[in-house]
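Here the structure is laid out as structure tokens; the discussion comes afterwards.
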């Protein structure tokens, strides 16, 4: 073989190698390199055994979308406490319509059937303590419930919370609990308080929460919700057990990113989005929320690589994360079951969210 032929063949091979290498680093149509996408997908799959989906949208355009463990874009997930943030938006819609009163209104004014003073009973034990309890209960407001500051002696994910869920009337169960703090004094995460708020909101809008949501939130977003579980009295659980597709979660997150607007329609006012996602309670430490910086009306707040994020979080890895200044929404879902490690999934997923925001800082 002549020397010139050897040079020619070597050059062709070298150019081919360079072409392949450059192709792996060249951004795809979504702006991400193939190498990053493949490596990110591999790490997600290896790190989180229960992962179902991970979607990233920037500037209202999906730039990364992957499904795992047999899931696809039609798979429906129990979004757990992401439901709370949806309830927050429903409250905002109710206020926009003039239905929601001042949020400093006592919840017992809306649900007077639970205001039964113990003074009407004779020979009741510890009458002084129970009268004091009744007087404190009258001071619990809608705002206290929306910011997890009801003051009740309640522990999330405990035998107590299980008993509340199994009770014939979870609202009565919650309102009859003793107080550990005065309402408004301390943050204490409580799905029980959220349920009380949801029942009050349902009373105000004069319909089940799902019916109100279908008409005013889900249908306008072209979201079809088949399942939203209820308590023993057929009242939708405002704090959990709503079932959604990952892409529908993305639509909801995009609504928040766009200040309550979807397409040309204002679904909920920008004023409510700003108020509900602002710091209503100081919270600078939460075990599954790195760099926490406050809590709004059923919205978590955290910093990701210095960027303010508003986060809807559900047990086991259900997340909608909105980062306004990056024009980014990130959604994750996980299957609940033997593979799910509960709170560990949330910690891991926030680190993956941080990878994407760091990448966005570097403009990919």
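Numbering (mature numbering (1 follows the signal peptide of the UniProt record, and there is no 0)), first residue to last: -23 to -1, 1 to 341.
Note that the Cβ used here is the ideal one computed from N, Cα and C, for glycine as well.
Note that the structure is a prediction, hence the values are computed from the model and not measured.
Exposure label - residue i; buried when at least 16 CB within 10 Å
| i | result |
| --- | --- |
| residue 140 | exposed |
| residue 212 | buried |
| residue 89 | exposed |
| residue -2 | Low confidence applies here, because residue -2 scores a pLDDT of 35, under 50, leaving its location unreliable; read the following figure in that light. Label assigned to residue -2: exposed. |
| residue 160 | buried |
| residue 72 | buried |
| residue 204 | exposed |
| residue 261 | exposed |
| residue 94 | exposed |
| residue 34 | buried |
| residue 307 | buried |
| residue 128 | buried |
| residue 112 | exposed |
| residue 281 | buried |
Beta-ladder partner(s) of residue i, from DSSP
| i | result |
| --- | --- |
| residue 278 | 287 |
| residue 205 | 219 |
| residue 43 | 31 |
| residue 213 | 207 |
| residue 55 | 220 |
| residue 185 | According to DSSP, which records beta bridges pairwise, residue 185 is partnered with nothing at all. |
| residue 305 | 35, 300 |
| residue 272 | 258, 277 |
| residue 239 | 242 |
Residue i versus residue j: straight-line alpha-carbon distance, rounded
| i | j | result |
| --- | --- | --- |
| residue 4 | residue 318 | In this prediction, residue 4 scores a pLDDT of 46, lower than 50, which makes its location untrustworthy; the coordinate-derived value is nonetheless stated afterwards. Going by the C-alpha atoms only, they are around 34 Å apart. |
| residue -4 | residue 49 | Caution is warranted here: a pLDDT of 37 is assigned to residue -4, below 50, making its placement in the model unreliable, and the coordinate value is therefore given only provisionally. Rounded to the nearest angstrom, the two C-alpha atoms are 30 Å apart. |
| residue 323 | residue 135 | 19 Å |
| residue 287 | residue 181 | 27 Å |
| residue 238 | residue 232 | 6 Å |
| residue 163 | residue 110 | 17 Å |
| residue 316 | residue 293 | 10 Å |
| residue 329 | residue 236 | 25 Å |
| residue 116 | residue 83 | 6 Å |
| residue 42 | residue 13 | 13 Å |
| residue 200 | residue 240 | 14 Å |
| residue 186 | residue 64 | 8 Å |
| residue 165 | residue 10 | 43 Å |
| residue 314 | residue 106 | 43 Å |
Within 8 Å, strictly: CB atoms of residue i and residue j
| i | j | result |
| --- | --- | --- |
| residue 54 | residue 243 | no |
| residue 69 | residue 249 | yes |
| residue 194 | residue 66 | yes |
| residue 145 | residue 209 | yes |
| residue 215 | residue 62 | no |
| residue 188 | residue 154 | no |
| residue 334 | residue 284 | yes |
| residue 59 | residue 300 | no |
| residue 309 | residue 336 | no |
| residue 279 | residue 267 | yes |
Take every Cβ of the region 116 to 129, pair it with every Cβ of the region 161 to 170, and state whether three or more of those distances are shorter than 8 Å. As far as the Cβ criterion goes, the region 116 to 129 touches the region 161 to 170, which means the pair count is three or higher.
Is the number of C-beta pairs between the region 14 to 32 and the region 213 to 231 that are closer than 8 Å three or more? Counting Cβ pairs under 8 Å, three or more are found: they touch.
Three or more C-beta pairs below 8 Å linking the region 267 to 275 and the region 250 to 257: Result yes; three or more Cβ-Cβ pairs closer than 8 Å.
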